[in-house]
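With positions in the sequence shown counted from 1, the corresponding number in this note's numbering is that position plus 327.
Backbone N, C-alpha and C fix where the C-beta goes; we use that ideal spot for every residue, glycine too.
Since the model is a prediction, treat every value here as computed from it, not as a measurement.
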Amino acid sequence: MRRPHLLLLIAATLLGTNSSSQAADGNQIATGRYELRLIIEDQANPENKDIRLPAKVVVDDAQVTIDTHGLAGNPVKLRGLQQSGTIKFGVTEPEDESLVTIIFTGAGMQDATAQGKLTILIDGDKKASGTWTLTSADKPR
């Protein structure tokens, strides 16, 4: 199995959104454009530790959808929920002969940034973990 490609797909899936609007609740992620950054720890491929991908976030009540792409350019759709100042989202994709799942959990927006932890599972077994940051494209640099 090509595990480095799988980890690249996972990391690429996780990074990449930019938000252009604020939600009614100041700590909720809003529809818009963001940058999703993934920092992946405890993996066999250190050159893929820090990944940044563009993405589009769509919020419908408590449901969140993030459209981005994998490192190979394939489209990736992350789905999840946000409520009470927290956000949870993820994706499951087939890769080679395995099923890869990435789970994101964290806090809502504060100063145009949301952040949290990520876990990467391959066929149900934890293979890597790390952190993620979702930063509004409109945040002053």
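K453 in three-state terms, based on DSSP: strand
In the DSSP assignment, find the beta strand (DSSP E) that holds S425 and state where it starts and stops. 425-437
Could you give the distance in angstroms between the alpha-carbon of V386 and the alpha-carbon of I378? 23 angstroms
Which class does G412 belong to by DSSP, given the choice of helix, strand or coil? coil
On the DSSP bridge list, what partners appear for Q442? A434, T460
Count the other CB atoms within 10 Å of the CB of Q355; is the residue buried (16 or more) or exposed (fewer)? buried
Thinking C-alpha only, which one of T462, P381, E368 is nearest A434? T462
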